[in-house]
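Numbering (our numbering), first residue to last: 48 to 361.
All C-beta atoms in this analysis are idealised placements derived from N, C-alpha and C, irrespective of residue type, glycine included.
Quick notes on the structure that follows.
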C-alpha cells in the first residue's frame with residue numbers, strides 16, 4: 048500500500064464519482080464494493096451513487112444490455128423512457144468531481160446532462176462491463192446514433208478486453224475486472240466452515256459437486272448446464288448446484304430462475320439456490336467444495352466467477 052500511495056501522491060485528494068444502477072447484485076456492484084474503499088485508502092475522495100428508476104426502465108435497459116450482446120429486441124420506441132428516467136436522475140451528477148466514472152448502459156446517457164462549462168475541468172469516463180464482440184454495425188443501424196452519440200461524448204471509455212473495443216471515436220483503454228482476495232467471498236475457509244454451509248443447504252459433502260455461480264440470466268445458460276449435467280449423471284454419481292440471484296436492475300432473473308427450476312424438477316441431485324447478493328461466505332464455501340466449476344456463458348463481459356475459481360485452485 049505504501050508503494051501505491053507514493054505512486055499516486057500527486058493525485059491525492061482527487062474527487063471521483065462512481066455511478067451505476069444497483070448497490071447490490073452483479074459484478075459491477077461487487078467490484079465497486081471493493082474499489083471504493085480501496086481508493087479512499089489511497090487518499091482519493093470517492094463517492095458512489097446509484098440511479099433510481101421504475102421497473103419499466105430496467106426492463107428497457109435489460110433489453111439494451113441484451114442487444115449489445117447480440118440479441119434482438121431493443122427498439123427506438125424505448126429511447127424516450129430511457130431519456131425521461133435519466134433526466135430525473137441528472138441531479139445525481141456531482142458537478143464538483145474531478146472525475147466521473149459511469150458504469151454500463153443503464154446510466155450511460157447521464158453525460159448529456161453535463162454542460163460544456165461543467166465538463167471543462169473534469170474527465171468523464173464510461174466503464175463498459177458488457178460483451179460487445181459480436182455486434183455487427185449493420186444490425187445497429189437503427190439505433191447506432193443513439194448509442195454512438197453517447198459513447199463518443201465521453202473523454203474515454205474502459206473495456207474488459209481488446210476484443211470488445213467498438214469501432215467508435217472514443218479514447219479507449221482495457222482494464223480487466225478483478226477479484227478481492229481478502230474479501231469474505233475469497234478468503235480461506237476451514238473444512239468445518241465449508242461443511243457447515245453444505246449441510247445447511249442440503250448438499251452431500253461426500254458426493255462430487257459441480258457448481259455454476261451466476262445471475263439467473265439466459266446468457267449464463269443455466270438450462271444448458273442442467274442438460275449437460277443430466278448426461279454426466281447417467282455415468283458418474285455427482286450433484287449439480289446452480290447458485291446465484293438477481294439484482295434490482297435485472298427484471299428477467301425471476302423468469303430465468305423459474306425456467307431453471309422447471310428443468311430441474313424431480314431430479315434429487317440438482318440444487319438451485321436463489322441467494323441474497325451478500326451471501327459471500329456461502330458462495331466461497333460452494334466454490335471451495337466443488338470438484339468442477341462451470342461457467343457456461345453464451346456471452347460474458349469477463350467472467351469473474353472463473354477468476355474466483357482459479358484463485359481457489361479449481
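Under the three-state reduction of DSSP, residue 144 is assigned to coil, being neither helix nor strand. Close CB contacts of residue 107 within its chain, under the 7 Å cut and outside five residues either way in sequence, are with 125, 128, 129 (chain order).
In the DSSP assignment, residue 170 forms a beta bridge with 146. Put simply, the segment 297-315 does not touch the segment 331-341. Fewer than three CB pairs are less than 8 Å apart.
In this chain, residue 59 is not harboured by any alpha helix (DSSP H), its DSSP state being neither H nor E. For residue 289, the secondary structure class from DSSP, reduced to helix, strand or coil, is strand. Spatial neighbours of residue 100 in its own chain (CB-CB distance under 7 Å, excluding positions within 5 residues in sequence) are listed in chain order as 132.
Take residue 102, set aside five residues on each side of it, and the residues of its chain with a beta-carbon closer than 8 Å to its own are 298, in chain order.
Inter-segment contact for the segment 89-96 and the segment 165-181 is absent: fewer than three beta-carbon pairs are separated by less than 8 Å. Residue environment for residue 192: exposed (fewer than 16 other C-beta atoms within 10 angstroms of its C-beta). Contact check for residue 152 and residue 115: beta-carbon distance about 6 Å, within the 8 Å limit, so the pair qualifies. For residue 320, the enclosing beta strand (DSSP E) stretches over residues 317-321. With 16 or more other Cβ atoms from the protein chains shown falling within 10 Å of its own Cβ, residue 136 counts as buried.
Linking residue 119 to residue 109 through their CA atoms gives a straight-line distance of about 12 Å.
Counting C-beta pairs with one atom in each stretch, the segment 79-91 and the segment 56-69 have three or more that are closer than 8 Å, which means they touch. A straight line joining the alpha-carbon of residue 320 with that of residue 224 spans about 25 Å. Annotation: the continuous alpha helix (DSSP H) that includes residue 78 extends over 74-88. The continuous beta strand (DSSP E) containing residue 92 extends over residues 92-97. Taking the Cα of residue 259 as reference, the smallest distance to any Cα among 148, 337, 301 is reached at 337. The segment 138-158 makes contact with the segment 168-175; the number of CB pairs closer than 8 Å reaches 3 or more. Of all C-beta pairs linking the segment 236-251 to the segment 267-280, fewer than three are shorter than 8 Å, placing the two stretches out of contact. A direct Cα-Cα distance of roughly 27 Å separates residue 287 from residue 229.
Comparing alpha-carbon positions, the option among 218, 303, 323, 278 lying closest to residue 314 turns out to be 278. In the displayed model, residue 100 falls within coil according to three-state DSSP, outside both helix and strand.
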